[in-house]
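Novice:
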Amino acid sequence: MSDISIVGLGNMASALADRALAGGNAVEIIGRDPAKANELAAALDGATVGAAGTAPAGTSSSSPCRTPARRRW
5 MSDISIVGLG NMASALADRA LAGGNAVEII GRDPAKANEL AAALDGATVG AAGTAPAGTS
65 SSSPCRTPAR RRW
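Under the working numbering, think of the first position of the sequence shown as 5, with each following residue one higher.
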């Protein structure tokens, strides 16, 4: 099937990885905390752990996908 990388270690990431594995896909878990990533991969039985990179410039550490506030005219 496909190789799928899932970024995150929460409930949604766990559910997505579980469904992807059930569908016969290879799943890679990526998170900022390597210990938690290893724990989730072991619980999913079949997922591997990838390396997390650094957040893009201009993003906060709490949410790497957050966009800057819009200007109000």
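Where is the CB? At the ideal position from N, CA and C, for every residue including glycine.
All figures in this text were calculated on a predicted structure; none of them were measured in a lab.
What is the rounded straight-line gap between the Cα of Asp7 and the Cα of Gly50?
Specialist: Distance between the alpha carbons of Asp7 and Gly50 is about 12 Å.
Novice: Please name the residue or residues paired with Ser9 in a DSSP beta bridge.
Specialist: Paired residues: Glu32.
Novice: Is it buried or exposed for Gly27, if we count other Cβ within 10 angstroms and need 16 for buried?
Specialist: Result: exposed.
Novice: Which residue comes first and which comes last in the alpha helix (DSSP H) that contains Ala24?
Specialist: 15-26 is the span of the alpha helix (DSSP H), which, as asked, contains Ala24.
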